Amino acid sequence: MPEPTPTKPYLLRALYEWCVDNGFTPYVSVVVDAATRVPPEHVKKGEIVLNVGPLATNRLRIGNEMIEFSARFGGVAREISIPVAQVAAIYARENGQGLSFDLPSGGRALEAGGEESASRAQPPEAPEPPEPRGSPRGGRPALRRIK
Numbered sequence: 112m113p114e115p116t117p118t119k120p121y122l123l124r125a126l127y128e129w130c131v132d133n134g135f136t137p138y139v140s141v142v143v144d145a146a147t148r149v150p151p152e153h154v155k156k157g158e159i160v161l162n163v164g165p166l167a168t169n170r171l172r173i174g175n176e177m178i179e180f181s182a183r184f185g186g187v188a189r190e191i192s193i194p195v196a197q198v199a200a201i202y203a204r205e206n207g208q209g210l211s212f213d214l215p216s217g218g219r220a221l222e223a224g225g226e227e228s229a230s231r232a233q234p235p236e237a238p239e240p241p242e243p244r245g246s247p248r249g250g251r252p253a254l255r256r257i258k
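Just add 111 to the spot in the sequence shown (first one is 1) and you have the numbering used here.
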């Protein structure tokens, strides 16, 4: 019997759809490796956080192996290609709700200059989302790991 398809791409698509349906802005946190095609000038410590919302992307496709889209960086259109395996988290910018993922062990991240560094087992910290108005809990929202 063949190996079942990994759940990660399905979870990414589901969280993306949930964000869009609820008017939230979906962000992905990515550990950059040699197969990741993103603007190197925006990579910090081997990681990049990208807005993948419908207003920020063109021709977004979240496949089982790759996430591909076109986006503007500084007014210049760029083609983006991200291996699903390198996605560390997907979350809503407005409230921080989403999922984080373990990355394959032994994975390597590329620094902006092309140098390799070991990727972390924990997902990179995402930019702090703004405090939602009328938050019932008070304080800042947190991204929870769900296994």
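Ideal Cβ placement from N, Cα and C applies to all residues, glycine included.
Since we're looking at a predicted model, the values are computed, not measured.
Report yes or no: do the segment 162-171 and the segment 126-138 share at least 3 C-beta pairs separated by less than 8 angstroms? yes
Please classify F184 as buried or exposed, where buried requires at least 16 neighbouring CB atoms within 10 angstroms. exposed
Let's test the definition: count the other Cβ atoms within 10 Å of the Cβ of G174 and tell me whether it reaches 16, buried, or not, exposed. exposed
Any idea which residues DSSP pairs R183 with across the strands? A188
If you reduce the DSSP assignment to three classes, tell me which class A196 lands in. helix
Taking only three categories from DSSP, how would you classify L122? helix
Evaluate D144 with the Cβ neighbour count: other Cβ atoms within 10 Å of its Cβ, from every protein chain shown; 16 or more gives buried, anything less gives exposed. buried
With DSSP collapsed to three states, give me the class of P113. coil
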